[in-house]
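Worksheet for the structure shown next.
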Amino acid sequence: MQKKLYGLMAEFDTATDLVDAANRVREAGYTKTDAFSPFPLHEIDEALGIKRSILPLLVFFGGLGGLLLGIGMQVFVHYIDYPLNVGGRPFLSWPAFVPASYELTILLAGFTAVFGMLFLNGLPRPYHPVFNVPRFALASREKFFLLVEAADAKYDYEETKAFLGELKPQEVFDVEE
Amino acid sequence: MVEGDHSFGTVSDKIGDLSLKRRTPFHWYIGFAISFIVAQLLLFSVVVLLARGIGIWGNNQPVGWAFDIINFVWWIGIGHAGTLISAILLLLNQKWRTSINRFAEAMTLFAVACAAMFPLLHTGRPWLAAYWLFPYPNTMGIWPQFRSPLIWDVFAVSTYATISLLFWYVGLIPDFATLRDRAKNKFFKAVYGLLSWGWRGSARHWHRYEIAYLLLAGLSTPLVLSVHSIVSFDFAVSQIPGWHATIFPPYFVAGAIFAGFAMVLILVIPLRILYNMKDFITDTHLSYMGKVMLATGLIVVYGYAMEAYFAWYSASQYEWFMMKNRIWEGPYWWSYWLLILCNGMSIQLLWFKKFRESAFWLFMISLVVSVGMWLERFVIIVTSLNRDFLPSSWAMYSPTVFDWSMFVGTIGFFFTLLYLFIRFVPIISIFEVRTLLPEANVHGHHQDFEENVVVVEETYDRTDPPNSDGGK
Chain H
-16 MQKKLYGLMA EFDTATDLVD AANRVREAGY TKTDAFSPFP LHEIDEALGI
34 KRSILPLLVF FGGLGGLLLG IGMQVFVHYI DYPLNVGGRP FLSWPAFVPA
84 SYELTILLAG FTAVFGMLFL NGLPRPYHPV FNVPRFALAS REKFFLLVEA
134 ADAKYDYEET KAFLGELKPQ EVFDVEE
Chain W
7 MVEGDHSFGT VSDKIGDLSL KRRTPFHWYI GFAISFIVAQ LLLFSVVVLL
57 ARGIGIWGNN QPVGWAFDII NFVWWIGIGH AGTLISAILL LLNQKWRTSI
107 NRFAEAMTLF AVACAAMFPL LHTGRPWLAA YWLFPYPNTM GIWPQFRSPL
157 IWDVFAVSTY ATISLLFWYV GLIPDFATLR DRAKNKFFKA VYGLLSWGWR
207 GSARHWHRYE IAYLLLAGLS TPLVLSVHSI VSFDFAVSQI PGWHATIFPP
257 YFVAGAIFAG FAMVLILVIP LRILYNMKDF ITDTHLSYMG KVMLATGLIV
307 VYGYAMEAYF AWYSASQYEW FMMKNRIWEG PYWWSYWLLI LCNGMSIQLL
357 WFKKFRESAF WLFMISLVVS VGMWLERFVI IVTSLNRDFL PSSWAMYSPT
407 VFDWSMFVGT IGFFFTLLYL FIRFVPIISI FEVRTLLPEA NVHGHHQDFE
457 ENVVVVEETY DRTDPPNSDG GK
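Sequences listed follow chains H and W, in order. Every letter in the first sequence is one number past the one before it in our numbering, and letter 73, counting from 1, is 56. To convert, take the position in the second sequence, counting from 1, and add 6; that gives our numbering.
Here it is in structure tokens:
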């Protein structure tokens, strides 16, 4: 009895080969695909049809939250909870509230950028089926991999394997679940 | 930017193996041992401080702020070059930053750690500092004073430390994955695996990763400028002659970058020799850093000139007295002229190619500049305070042995952390160096953080044969 497969993975030697192959795979109608590279490749986004992330929007709201928190906190402290008369100056001395609000804006936007990125990426995830391929260790070093998941509607073990073989990979691997 | 014959694999090995495979070199043990022993001075000074109180230091009225704030500003200024290199140069698409950013960011973190100790310990009772510094609801029902630059400083420095840590760590995630996949030792494999959060280099992950990285750079840029501006507000918002000057924020920011680049050079020049990293940290890098030092140094010198000019032009007798006292008539005149010698004169050598391209001279000039930037804060703080408005309160300031031991101790602490970093973490960003190699280009496109489509198309046009006129 064969083990259940997560998908098929092809290994490539260069970034150009990977992008060309990814284009062919997309044109063939596969959608549940992924590529793995040792550094960011911009062409691959288009080749695989990756949509632009909503992360910048989240970061904007994170920053806005920080700004409101900063203003709210200082107004609460110096105007509502404990108004303190210092030399007859106004309680709502907003220019003095700018620096802390500014820093909190950046702090919360930065937190959103980092943890939002990790959350959207589904990390931390120490185990993933792709790690079952021994040569996948090279994905963080020098090799490029293209994955077609078994969950893809067009996926058929024999057919997909033959198709990936046409893309001139170094090798095609079965990725065990 | 990368010299020698390198591929993705050799780059990964050359940098990654420093942490994984190669025997720890003998000079590492020597350096670490010395730093660690010196760091014990810090421990000793802090214990004595907590037991006996801040009376062990030399600062007293009228010089209430001395070594604490001098060292605080000095350390935090050093940190700023790290953020400049990692964030601002990234946004400006300066590729040469790639081989020094990891190291410079680590330097930032450790410098900020040293800096933060001084104001905290200057409170004398750091365990109470929580409610003095942070606004949390407490049973006494009191809050920090948000109209004070000192509380702005708390927010600026803590945000700076946090964002610097995040930026550094995010840059490390793919490199930890490289180490995880290469480590043979089970324990290190597990540790690097945990640190990499299961990073697998998926295209979707890289896509969000780059967005997050660029956004962090975009956020760090205004942050780094604001941090030293706010540090300068500690002085500029007060009414002390010599502190109350509008030029302080830009002049402090330039000084911070100046001091920081000097420190990067001091660290990087021995490092590239000891660890044989000349392929990645090339002579070009050193000469670029020399140029940045010259430019920021000249801004700082302009700041000195403007301070003197403002004092005269203000027609305020206190301002003008302070300036005369600082430069010539006061007891600390020598510190001012030493400062001009270190920061103003020494950098003039950098106009010449011979000095800018010599690692030895850059190293020497950087040492002199580091001393000079420390003196700058000494001059600003001590000469402004020691003769204030009321002649009856004038007094001399001199540091005690505990002032010195704590300062020297933080230097030991800084180098201890740096040695641990060199041993266990990739000192150069491996994945970013990969993008510098020609093989990283898909169909001849550069893999850039900010790939500008228009620029790419232009280069394509230029490579067209000059006589082709659209197939006519």
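For each residue, glycine too, the CB sits at the ideal point set by N, CA and C.
Work out the CA separation of residue j and residue i for me, nearest whole Å.
{"i": "P255 of chain W", "j": "L344 of chain W", "result": "23 Å"}
{"i": "R278 of chain W", "j": "F146 of chain H", "result": "48 Å"}
{"i": "Q323 of chain W", "j": "I82 of chain W", "result": "33 Å"}
{"i": "L126 of chain W", "j": "A135 of chain W", "result": "7 Å"}
{"i": "Y65 of chain H", "j": "T145 of chain W", "result": "14 Å"}
{"i": "V81 of chain H", "j": "L229 of chain W", "result": "13 Å"}
{"i": "I253 of chain W", "j": "I246 of chain W", "result": "15 Å"}
{"i": "V163 of chain W", "j": "K34 of chain H", "result": "37 Å"}
{"i": "V8 of chain H", "j": "E149 of chain H", "result": "11 Å"}
{"i": "T290 of chain W", "j": "V53 of chain W", "result": "45 Å"}
{"i": "R72 of chain H", "j": "P141 of chain W", "result": "21 Å"}
{"i": "I157 of chain W", "j": "G309 of chain W", "result": "26 Å"}
{"i": "I40 of chain W", "j": "G418 of chain W", "result": "8 Å"}
{"i": "G303 of chain W", "j": "W80 of chain W", "result": "15 Å"}
{"i": "T(-1) of chain H", "j": "P23 of chain H", "result": "13 Å"}
{"i": "I27 of chain H", "j": "F42 of chain W", "result": "47 Å"}
{"i": "L171 of chain W", "j": "P276 of chain W", "result": "25 Å"}
{"i": "A(-7) of chain H", "j": "Q153 of chain H", "result": "7 Å"}
{"i": "S18 of chain W", "j": "M100 of chain H", "result": "25 Å"}
{"i": "K27 of chain W", "j": "A209 of chain W", "result": "29 Å"}
{"i": "L97 of chain W", "j": "T16 of chain H", "result": "31 Å"}
{"i": "F420 of chain W", "j": "E325 of chain W", "result": "37 Å"}
{"i": "F78 of chain W", "j": "E335 of chain W", "result": "28 Å"}
{"i": "W410 of chain W", "j": "I75 of chain W", "result": "13 Å"}
{"i": "W339 of chain W", "j": "I333 of chain W", "result": "5 Å"}
{"i": "F98 of chain H", "j": "G105 of chain H", "result": "10 Å"}
{"i": "D139 of chain H", "j": "E10 of chain H", "result": "16 Å"}
{"i": "A265 of chain W", "j": "P117 of chain H", "result": "48 Å"}
{"i": "V155 of chain H", "j": "V113 of chain H", "result": "13 Å"}
{"i": "L20 of chain W", "j": "N282 of chain W", "result": "Here residue 20 of chain W is Lys; the residue named in the question, Leu, does not match the sequence. Spanning the two alpha carbons is a distance of roughly 9 Å."}
{"i": "A446 of chain W", "j": "R440 of chain W", "result": "7 Å"}
{"i": "N191 of chain W", "j": "R29 of chain W", "result": "14 Å"}
{"i": "L75 of chain H", "j": "Q57 of chain H", "result": "9 Å"}
{"i": "I54 of chain H", "j": "T227 of chain W", "result": "22 Å"}
{"i": "V131 of chain H", "j": "F(-5) of chain H", "result": "14 Å"}
If residue i sits next to residue j, beta carbons under 8 Å apart, how far is it from one beta carbon to the other, in whole angstroms?
{"i": "F369 of chain W", "j": "I272 of chain W", "result": "7 Å"}
{"i": "S20 of chain H", "j": "G207 of chain W", "result": "6 Å"}
{"i": "R214 of chain W", "j": "L38 of chain H", "result": "6 Å"}
{"i": "A112 of chain W", "j": "W174 of chain W", "result": "7 Å"}
{"i": "L(-12) of chain H", "j": "D157 of chain H", "result": "6 Å"}
{"i": "A110 of chain W", "j": "V270 of chain W", "result": "5 Å"}
{"i": "S399 of chain W", "j": "Q67 of chain W", "result": "7 Å"}
{"i": "T88 of chain H", "j": "L50 of chain H", "result": "4 Å"}
{"i": "I169 of chain W", "j": "W205 of chain W", "result": "Wrong, their Cβ atoms sit about 21 Å apart, outside the cutoff."}
{"i": "S51 of chain W", "j": "G296 of chain W", "result": "Not a contact, Cβ separation roughly 35 Å."}
Sort out for me which residues DSSP pairs residue i with in a bridge.
{"i": "T16 of chain H", "result": "H:V131"}
{"i": "G(-10) of chain H", "result": "H:E132 and H:V158"}
{"i": "K420 of chain W", "result": "Reading off the sequence, residue 420 of chain W comes out as Phe, not Lys. Answer is none; F420 of chain W lacks a bridge partner."}
{"i": "F(-5) of chain H", "result": "H:F127"}
Please report whether the beta-carbon of residue i lies at a distance below 7 Å from any beta-carbon of chain A.
{"i": "M(-8) of chain H", "result": "Here the protein chains are H and W, and chain A is not one of them."}
Runs of beta strand (DSSP E) wholly within the stretch 60 to 135 of chain H (minimum 3 residues, chain order): As far as the stretch 60 to 135 of chain H is concerned, its whole beta strand (DSSP E) runs of at least 3 residues are 127 to 132.
Can you check the stretch 64 to 100 of chain W for any alpha helix (DSSP H) of at least 4 residues that lies completely inside it and give the ranges in chain order? DSSP assignment within the stretch 64 to 100 of chain W yields the following whole alpha helix (DSSP H) runs of 4 residues or more, N-terminal first: 73 to 89.
Just to confirm the assignment: which complete alpha helix (DSSP H) runs, minimum length 4, are found wholly within the stretch 296 to 334 of chain W? For the stretch 296 to 334 of chain W, the continuous alpha helix (DSSP H) assignments of 4+ residues that do not extend past its boundaries occur at 323 to 330, in sequence order.
Quick one: complete alpha helix (DSSP H) runs, 4+ long, within the stretch 223 to 283 of chain W? Annotation: the stretch 223 to 283 of chain W contains the following complete segments of the alpha helix (DSSP H) (minimum length 4 residues), in chain order: 254 to 280.
Counting Cβ pairs, one atom from each stretch, are 3 or more of them under 8 Å apart for the stretch 102 to 122 of chain W and the stretch 431 to 438 of chain W? With a cut-off of 8 Å, the stretch 431 to 438 of chain W and the stretch 102 to 122 of chain W count as touching, because enough Cβ pairs lie within range.
Please specify which runs of the alpha helix (DSSP H), each continuous and at least 4 residues long, are wholly inside the stretch 190 to 224 of chain W, giving them in chain order. 192 to 201, all fully within the stretch 190 to 224 of chain W.
Three or more C-beta pairs under 8 Å: does that hold for the stretch 71 to 85 of chain H against the stretch 28 to 44 of chain H? Counting Cβ pairs under 8 Å, fewer than three are found: no touch.
Is the stretch 57 to 67 of chain W close to the stretch 84 to 99 of chain W, with three or more CB pairs under 8 Å? Touching, no, given that fewer than three Cβ pairs across the two stretches are closer than 8 Å.
Inter-stretch contact (C-beta, 8 Å, three-pair minimum) for the stretch 49 to 59 of chain W and the stretch 232 to 245 of chain W: With a cut-off of 8 Å, the stretch 232 to 245 of chain W and the stretch 49 to 59 of chain W do not count as touching, because too few Cβ pairs lie within range.
Within 8 Å, do at least three Cβ pairs link the stretch 372 to 382 of chain W to the stretch 346 to 353 of chain W? Under the 8 Å Cβ criterion, the stretch 346 to 353 of chain W counts as touching the stretch 372 to 382 of chain W, having at least three qualifying pairs.
What runs of the alpha helix (DSSP H), each 4 residues or longer, lie entirely inside the stretch 371 to 433 of chain W? Every unbroken stretch of the alpha helix (DSSP H) spanning 4 or more residues and falling wholly within the stretch 371 to 433 of chain W is given here in chain order: 407 to 430.
Spell out a yes or no on whether the stretch 310 to 318 of chain W and the stretch 354 to 367 of chain W are touching, meaning 3 or more CB-CB pairs, one atom from each, closer than 8 Å. Judged by Cβ distances under 8 Å, the stretch 310 to 318 of chain W makes no contact with the stretch 354 to 367 of chain W, as fewer than three pairs qualify.
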